[in-house]
Amino acid sequence: MAWRWDKGVPTLRPLSSLPKFELMIPQKKDPPKPIPMRDVTHCEKTLGVWSCPAGDFGVHIDKVTAKGTLWVERLRCNRCPPGDAWMGFRYALMPQLTYGFAAITPDLDYLEKAFVELYRNVLSPLKVNMNIKSFYRLAPKR
Numbered sequence: 047m048a049w050r051w052d053k054g055v056p057t058l059r060p061l062s063s064l065p066k067f068e069l070m071i072p073q074k075k076d077p078p079k080p081i082p083m084r085d086v087t088h089c090e091k092t093l094g095v096w097s098c099p100a101g102d103f104g105v106h107i108d109k110v111t112a113k114g115t116l117w118v119e120r121l122r123c124n125r126c127p128p129g130d131a132w133m134g135f136r137y138a139l140m141p142q143l144t145y146g147f148a149a150i151t152p153d154l155d156y157l158e159k160a161f162v163e164l165y166r167n168v169l170s171p172l173k174v175n176m177n178i179k180s181f182y183r184l185a186p187k188r
């Protein structure tokens, strides 16, 4: 990762403009292993959070909403009582979805749009009218 300065504004350099040599990690019993050079927009999962050096956290939000959508699809196909489904939603799905948000700085409009859509889709399998106003749908419990 390297910076290029254009008129006092820093920007990350693309992979094509970086030097073409390999960095090697010495091993005790094996030959040295190279560190792969990746573009600044390449996302990787580290400690459960998808991130990239360029600061695009949309990938993390997309992966989390895909996990939530899969959960909703499985709930629709399953015959689970609404009480058990609510427990699964509150204590299993929501911690998985919100994990890592303290460590990333996503675009809040994109995050809100993704979660409002997911939350609206989960209401029908939980036996709640999904066509209620969003104020009531997103209001806290008390």
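Going by my numbering, the sequence shown opens with residue 47, and the numbers climb by one from there. Each residue gets a CB set at the ideal place from its N, CA and C atoms; glycine is no exception. If you're wondering where the values come from, they're calculated on a predicted model, not measured in any experiment.
For residue i, collect the residues of the same chain with a Cβ closer than 7 Å to its Cβ; drop the 5 residues on either side in sequence, then sort them by chain order.
i: Ile131; result: Note that residue 131 is Ala in the sequence shown here, rather than Ile. The residues are Leu121, Pro171, Leu172.
Would you mind stating whether residue i and residue j have Cβ atoms separated by less than 9 Å?
i: Leu61; j: Asp85; result: yes
i: Thr111; j: Glu163; result: yes
i: Val105; j: Phe135; result: no
i: Ala148; j: Ile107; result: no
i: Leu143; j: Lys113; result: yes
i: Trp96; j: Lys109; result: yes
i: Phe103; j: Thr151; result: yes
For residue i, which residues of its own chain have a beta-carbon under 8 Å away from its beta-carbon, when the five flanking residues on both sides are left out?
i: Gly94; result: Tyr145, Gly146
i: Leu64; result: Ala48, Met83
i: Cys98; result: Val86, Thr87, His88, Cys89, Glu90, Val105
i: Arg50; result: Pro56, Thr57, Leu58, Arg59, Ser63
Opposite residue i in the DSSP bridges: which residues?
i: Arg50; result: Thr57
Should residue i be flagged as near chain C, meaning a C-beta pair shorter than 9 Å?
i: Pro78; result: Of the chains in the structure shown, none is chain C; there is only one protein chain.
Go through its chain and collect everything with a Cβ distance to residue i's Cβ below 6 Å, but skip five positions before and after it.
i: Met176; result: Arg166, Leu169, Ser170
(request) Jot down the residue ranges of each uninterrupted beta strand (DSSP E) in the region 52-137, minimum 3 residues, whole runs only, in chain order. (result) 55-58, 69-71, 79-81, 90-92, 95-97
(message) Suppose only complete runs of 4+ residues qualify. What are the alpha helix (DSSP H) ranges in the region 141-176, listed by chain order?
(response) 154-169
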